Every structure is written in C-alpha cells, then in structure tokens.
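Participant: Chains as they are written, first to last, in my numbering: chain A, 1 to 146; chain B, 1001 to 1492.
Where a beta carbon is used, it is the ideal one built from N, C-alpha and C, also for glycine.
A quick note: this is a predicted structure, and the numbers were derived from the prediction, not measured.
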Amino acid sequence: MFKINYSWGNAHWIVPPIIIGVLCFLFLLIVIRRAINCAKTHTPFINLHYHFFIENWDKVKLIGCLVLLILYPLAMQAIHFLPASIIFIFLFNVLFCGVDKLAMIKQGGGLKNEGIKSVLTSLLISVIASVFIWFIFGTVFRVTLP
Amino acid sequence: MVFSFTYLVMCFIGVAVGIIFGALPGMTATMAIAIFLPLTYAYDLHTSLFLLLGLYVGGISGGLVPAILVNIPGTPSSITTGFDGHPMAQRGEGEKALKIGITASFVGGIVSLLCLWFLTPPLAKLAINFGAVEKFLVILFALTIIAALSKGDMLKGIFAGFLGVLVSLAKNYTLNNKFRLVPEFMEPNMYSGFTLLPVLIGLFALTQIFQEAEKGMKENDFKPTDISSSDDSKKFHFSCLKGNGINLIRSALIGTFVGVLPGVGGSAASLLSYSQCKNFSKHPEKLGTGAVEGLVASEAANNGLTGGALIPLLSLGIPGDSTTAVLVGAFMLQGISVGPLFITQNPDLWRAILMALAVANVFMFIIMFYPIKYIAKIINLPKARLYPVIILMCIVGSYAANNGNMFDVWTMIGFGILGYFFSKWGLSAPSFLIGFILGRDLETYFIDAIQGSQGSLICFFQRPIGNVVWVMIVASIAFAIWDARRSAKTAK
C-alpha cells in the first residue's frame, strides 16, 4: 500500500492519477457539503432558478467581446499586426462605449454630435495605440509581433 | 551595479502606472504586472525588476484613492480603507484621509522591506538543507494553506490549487519523452505545456474584461467629494498620526505575515489588521465612522504585504500572492530560478530587489502625497477606452511569450474564459495560479523522493524537517476546518 511501482516507462503517469484522485475526492466533499447544507436549509440540491449571468447582463458587450477576441488573432494572421489591430481596437472601443452611439450619427450636427465624437475618439485611440505599441514593442524593444 | 539612472526612471514609470491601475476599480497590480511583463524582454532582469516592483507598490497603493473618495476599493487589498477613509472624505477631510493613507502605506512598505531583508536569508539558509522530500512537503503545505485561508470556501480553494497542479502537468514528460493529459492535435504546441505568461494574462486581465463587459462596461460616474478644506483642523499634519505608532508597526507586521502565507492576498491582510486594530483600540466604537486608526491599520497592512509576499518566493520559490506569482514569470524569462539558492547565487539581484522596493516606496510617497488632488482624478478615466488598449497589450504580450507563437494567444483567451467561469463558480484564480506554478516542481520532487526510496512512500515520514512540515500541514487543515465552523456560527 505504501509503495509505488516506479519504472522509467511509467514515470510520466505517476503523479497525474494521484492529483486526479485528490480532485475527485475534493469534488465529492464539495458535493456532500452542499447536500448537507441543502438538507439543513430545506433548499433543493439543484437550483432550477440558477442564473449563470448577472441580472440584466450586457449580452452585446460580453458576446461581442468574445467574438472580437476570437476574430482578432485570426485577422492578425491574415492581414498582419498593424492593420488588424487598428480595426479591432476601433471595434472594441465602439463596442465598449456602446453601439447605440452609432445610431446617434444619423442625427448629424458635426463634431457636436455625441455619436460622431465617440467614433472619432475610437478611431484616434485605435490608430495611436496600435502604432505606439507596434513602434515600442516591435521597433524599440524588438519584441516579435504577430 | 545596483543603481543607475535607468533603474530610477523605470521604477518611477512603474510606480506611476501602478498607481493608475490601482486607482481604477477593476484593475489590479497583478493585471498591471502581467501586461507589462512583455516589455521586460528587452531589458536585463535588474531593470525589469525596478519596473515590475514599481508597478507592484504603485498598484497596491493606488487602491486607496477610490476607497476613500467613493467607497469603492480600487484593489481587493483596500477593502477596509473605505470603512474609515470614506466617512472622513464625507466630512470634508478627503485630502487628510488620503495623506494619512499614503503615509501609512509608506511605513507599511518600509517595515515589510526590513522584514524581507532580515528574514529571507536565514529562511533560505534553512531551505538549502531541504531534500526532495522536504521540498515536496513544503509545496504541499503551500497548497493546503491556500485552503486554510480561503475564507469560508476552503474546499473550493484547495480544489482550485490542485486543478492548477493538474493543468501544469499537461505536457511532455521530459524523462521518458511521453505526453500526458494532452490531446494528440495539441501535442506539437504543448511540448513544454502551457506557458505561464499567457495563462496569467488570461486569468487576471482577460477575465476582468469579461466581467466588466458582462456588467455593461459602466463608466465610473464618480463625483469625488471636494477633497480639500480651508478649515485647518481638516488639513493633514503629521501630528494626525500621533498615538498610532504601535498601530502602524503592528498593522505593517500583520500585512507582512499574511503576505508570507501563499495565496492569501491583500484583502485578508487588511481585514485581519483592521480587526486587530479594533481589538486593541481604546475606542473601538469609533472605527467605521472615520477613525484615523482604522485607516492606518488598513493601509499599513496592505503595503506590508508587498515585502512579505516576496519572502517565501525568494527563500523557498513559493509565491506569496498572485502578484509575486506573476513576478516568477519575470525570473523565468531571464532563465533565473527562484528558491533557496537564489540569494547565494544572485547577490546582485537580491540587493537590486531590496533597492527597488525601497525606491518604489519612496517614489510612491512622492508621486501620491504632493499631487494627490490631481491623482484623485484618475478614478474618472473611462474604462471603455482603456480596456481595448489593454487587450492589445495582452495579445502582444502573449504572442511574444515564446518569441512569436499564436498558440499562446489562444491559450490566453482560453484561460481568460476559464477564469471567467471560475469567478462564476467561486473558484479562486490566485489559488489556481499558485498550483499551476508549483505543480511541475511538486511532481519533480515527488518522483525524486520515491526514486531514492525505491518507490516506498514511507520516505515522506522519515525526515525530521519533513515531519515538522507534516505537522504544519495538519495544523493548517485543522485551522481551516475550525475557522470554517466558526465563520458559519458567526453568520448564523
């Protein structure tokens, strides 16, 4: 019981099963503790009203953020770092500031229009940030960029 | 050479940027270090350390600004700062509260630096005698202490730690060149397993962005109360700290002690210090209503953490908190391993760390104390404009981790999503990260130990120091169970 059959061939598979065993044991304890707590408080073990997301979660921003994050590396591979970054940092800016601001552009009014101002700021930030990071990392520090 | 103009400039930049990160709720010192780590590729470790430790001290200190002015802690370690700081700000004593907090932070940082200076070498000397058995047990102890101090959720804390260990083992095992826990299609990219930097950027930066996106990326509509007052009694004088000398030192030492314990974090340091301050106070009823001693206790403790968390890292190779776990990445990038031999083998680096911490604390005081009225405005920086730039830096940093590998970018995104799920399930990301960092060493020492004993597990109970560590492991688990029961009773 207090001996492990160690050989060069199985050395890679000694610790992982032990850790998996510990995790299963801990998981079991977590489940048992929950069951005891539920029995004490007379609440159901499986909460049918469980909400994964917070109340009134922002679907557009969360899902949009995830989608853009997946597309961004793909775009970098396709069109290289600088153009991809300018496009995607602009999109992230527009997304995080609220896509509803885009609708305000139709109202016109030039630079006084909140929508136009927001989009221009987004564009400015995306160009400056991307070029700055490209210059600092890629040129000054010679860090490999996508 | 421990000192140069470049070091000072890097430290200054680090502290200034760290303060901005700390002052913005939702951004932390860990996040700041994680996204700035790639910048250090171009520098030697000395220069990098001045930048990173500057970010660390600045990031922890900046959290007091929103905690005092708007009662929202900028970092988890400032959780108790607002208890007394905000009532003071509401009374028109905002500037006084901020300056008291900054002074207490400075004292806390210096006390913890002294502890780091004096405690690390003897602890490292002791650890040099450790064999594989003791090293394995010390790592096991680090994992159980995570549980002991994961307030109320010790099982989930320890589960997250061991999950981190398991994930760290997903790689090719170099001794027999066999893969484990890796799907076949991922094998070409997983020879050395997941790289630390993308994992921590994902867990600490991307997860935060997902959480903010879920909340709608709401801007800080803060209207800080007018922080300065013309009334002289509401202005800061160093005499405001009169009678708080013992409180300052005690709180700084509590912060340092909590910092030494792996995976515990700044919020526990400030909560423990605040509760001790209440126990020792002559007027405990005044705490929470704008008492100087409460503010001092909180801020001295959270900066006390900075030096404390470096003690186990530099003596045993075990990070004290999530931020020092990120610092491991900086050492790894430069090919330097932290552990018992670190000080003996790298005396220059050791002196540079002490110097960097001292300089960072002085810069923090200078940068925050005098222009505090302007620093206070940081909290209104628009997050919606900052996060896209942070995403850009995260991608660049992850990609550069292995000198240009897109797999690391996907790793970062994957761990960002995992961290988001962790936050939903109440699993601790710092515990996971500490398990991830220590996992490979845990396996190496375990295999070394059983190799030496022909597979017998009895070897883990035959060494005197090992038995002492066993006692500590059992004690930490017993404490965790006792504390969980006590917390449950108090909650009732």
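Measuring CB atoms only, is the segment 1162 to 1174 of chain B touching the segment 1384 to 1403 of chain B, in the sense that at least three cross pairs come out at less than 8 Å?
Facilitator: Result no; under three Cβ-Cβ pairs closer than 8 Å.
Participant: Below 7 Å between beta carbons is the criterion; list the residues of the segment 1150 to 1183 of chain B that meet it against any residue of chain A, in chain order.
Facilitator: Hits within the stretch, in order: L1155, K1156, I1158, F1159, F1162, L1163, V1165, L1166, L1169, Y1173, L1175, N1176, K1178, R1180, L1181.
Participant: Using 7 Å as the threshold, is the C-beta distance between T1256 of chain B and G1304 of chain B below it?
Facilitator: The answer is yes: Cβ separation under 7 Å.
Participant: From the DSSP output, read off the bridge partner residues of K1171 of chain B.
Facilitator: Looking at the DSSP assignment, K1171 of chain B forms a beta bridge with B:R1180.
Participant: Output, in chain order, the set of chain A residues within a Cβ distance shorter than 8 Å of W1482 of chain B.
Facilitator: Result: empty, since nearest Cβ-Cβ is about 16 Å, beyond 8 Å.
Participant: Spatial neighbours of F1179 of chain B within its chain, please: CB distance less than 6 Å, with the 5 preceding and 5 following residues excluded, ordered by chain position.
Facilitator: Contacts found: N1172, E1187.
Participant: Please name the residue or residues paired with K3 of chain A in a DSSP beta bridge.
Facilitator: Answer by DSSP bridge pairing, in chain order: B:S1456.
Participant: Smallest Cα separation from I1390 of chain B: which of A:R142, A:F132, A:T139?
Facilitator: Ranking A:R142, A:F132, A:T139 by Cα distance to I1390 of chain B puts A:F132 first.
Participant: Tell me whether the beta-carbon of A1301 of chain B lies closer than 7 Å to the beta-carbon of S1270 of chain B.
Facilitator: Yes; because the gap between Cβ atoms is below 7 Å, this pair is in contact.
Participant: Helix, strand or coil for N93 of chain A per DSSP?
Facilitator: Three-state DSSP puts N93 of chain A in a helix.
Participant: In whole angstroms, what separates the C-alpha of A35 of chain A from that of F45 of chain A?
Facilitator: The alpha-carbon atoms of A35 of chain A and F45 of chain A are separated by roughly 6 Å.
Participant: Measuring CB to CB, does F1446 of chain B end up less than 7 Å from V15 of chain A?
Facilitator: Against a cut-off of 7 Å, the Cβ pair of V15 of chain A and F1446 of chain B comes out as a contact.
Participant: Determine whether the beta carbon atoms of M1217 of chain B and F96 of chain A lie at a separation below 7 Å.
Facilitator: In contact: M1217 of chain B and F96 of chain A (Cβ atoms closer than 7 Å).
Participant: Distance check for A1034 of chain B and K1282 of chain B, CA to CA, integer angstroms please.
Facilitator: In a straight line, the C-alpha of K1282 of chain B is about 42 Å away from that of A1034 of chain B.
Participant: Check whether the Cβ atoms of F1359 of chain B and A1104 of chain B sit closer than 7 Å, and answer yes or no.
Facilitator: Checking the sequence, you will find Val at residue 1359 of chain B rather than Phe. No, they are not a contact pair.
Participant: Would you verify that the beta carbon of M1186 of chain B is, or is not, closer than 7 Å to some beta carbon of chain A?
Facilitator: Not an interface residue.
Participant: Taking the alpha-carbon positions, what's the I149 of chain A to T1324 of chain B distance?
Facilitator: No answer is possible for residue 149 of chain A: it lies beyond the span of chain A, which begins at 1 and ends at 146.
Participant: At 8 Å on the CB atoms, spell out the chain B contacts of Q77 of chain A, in chain order.
Facilitator: Chain B residues near Q77 of chain A: M1406.
Participant: In or out: A1213 of chain B buried (at least 16 other Cβ within 10 Å) or exposed?
Facilitator: With 16 or more Cβ atoms within 10 Å of its Cβ, A1213 of chain B is classed as buried.
Participant: Sort B:I1366, B:A1252, B:Y1056, B:V1326 by Cα distance to Q1276 of chain B and report the nearest one.
Facilitator: Out of B:I1366, B:A1252, B:Y1056, B:V1326, B:A1252 has the C-alpha closest to the C-alpha of Q1276 of chain B.
Participant: Against chain B, with Cβ distances strictly below 7 Å, would F2 of chain A count as a contact?
Facilitator: Output row for F2 of chain A: interface = yes.
Participant: When you compare the CB positions of S1267 of chain B and I1145 of chain B, do they come within less than 7 Å of one another, or not?
Facilitator: Their beta carbons are not under 7 Å apart, which means S1267 of chain B does not touch I1145 of chain B by this criterion.
Participant: Take S7 of chain A as the anchor and find which of B:L1175, B:C1011, B:A1016 has the nearest alpha-carbon.
Facilitator: Of the listed residues, the one whose Cα sits closest to S7 of chain A is B:L1175.
Participant: In chain B, which residues lie less than 7 Å from G9 of chain A when you measure between Cβ atoms?
Facilitator: Near G9 of chain A (Cβ distances below 7 Å), the residues of chain B are N1176.
Participant: Since R1463 of chain B contacts G1131 of chain B with CB under 8 Å, what's their CB separation in whole angstroms?
Facilitator: With 8 Å as the limit, R1463 of chain B and G1131 of chain B qualify as a contact, their Cβ atoms being about 7 Å apart.
Participant: Which chain A residues sit within Cβ distance under 8 Å of P1038 of chain B?
Facilitator: In chain order: F137, V143.
Participant: Buried or exposed: which applies to P1038 of chain B, given that a residue is buried once 16 or more other Cβ atoms fall within 10 Å of its Cβ?
Facilitator: It is buried - the Cβ of P1038 of chain B has at least 16 other Cβ atoms within 10 Å.
Participant: Starting from P83 of chain A, find everything on chain E with Cβ-Cβ shorter than 8 Å and list it in chain order.
Facilitator: Going by chain labels, chain E is absent from the structure shown, which instead holds the protein chains A and B.
Participant: What residue does the alpha helix (DSSP H) around I1254 of chain B start on, and which one ends it?
Facilitator: Run containing I1254 of chain B: 1245 to 1260, per the alpha helix (DSSP H) assignment.
Participant: Does DSSP classify V1338 of chain B as helix, strand or coil?
Facilitator: DSSP places V1338 of chain B in coil when its eight states are reduced to three.
Participant: If the cut-off is 9 Å on Cβ atoms, which residues from the segment 35 to 56 of chain A count as contacting chain B, listed in chain order?
Facilitator: So the close ones are F52, F53, I54, N56.
Participant: Could you tell me which chain A residues have their CB closer than 8 Å to the CB of W1410 of chain B, listed as they occur along the chain?
Facilitator: By Cβ distance, chain A contributes P73.
Participant: Check whether the segment 1369 to 1379 of chain B touches the segment 69 to 81 of chain A, counting contact only when three or more Cβ pairs, one atom from each stretch, lie closer than 8 Å.
Facilitator: As far as the Cβ criterion goes, the segment 1369 to 1379 of chain B does not touch the segment 69 to 81 of chain A, which means the pair count is below three.
Participant: Give me the Cα-Cα distance between G109 of chain A and V119 of chain A, rounded to the nearest whole angstrom.
Facilitator: Going from the Cα of G109 of chain A to the Cα of V119 of chain A covers about 14 Å.
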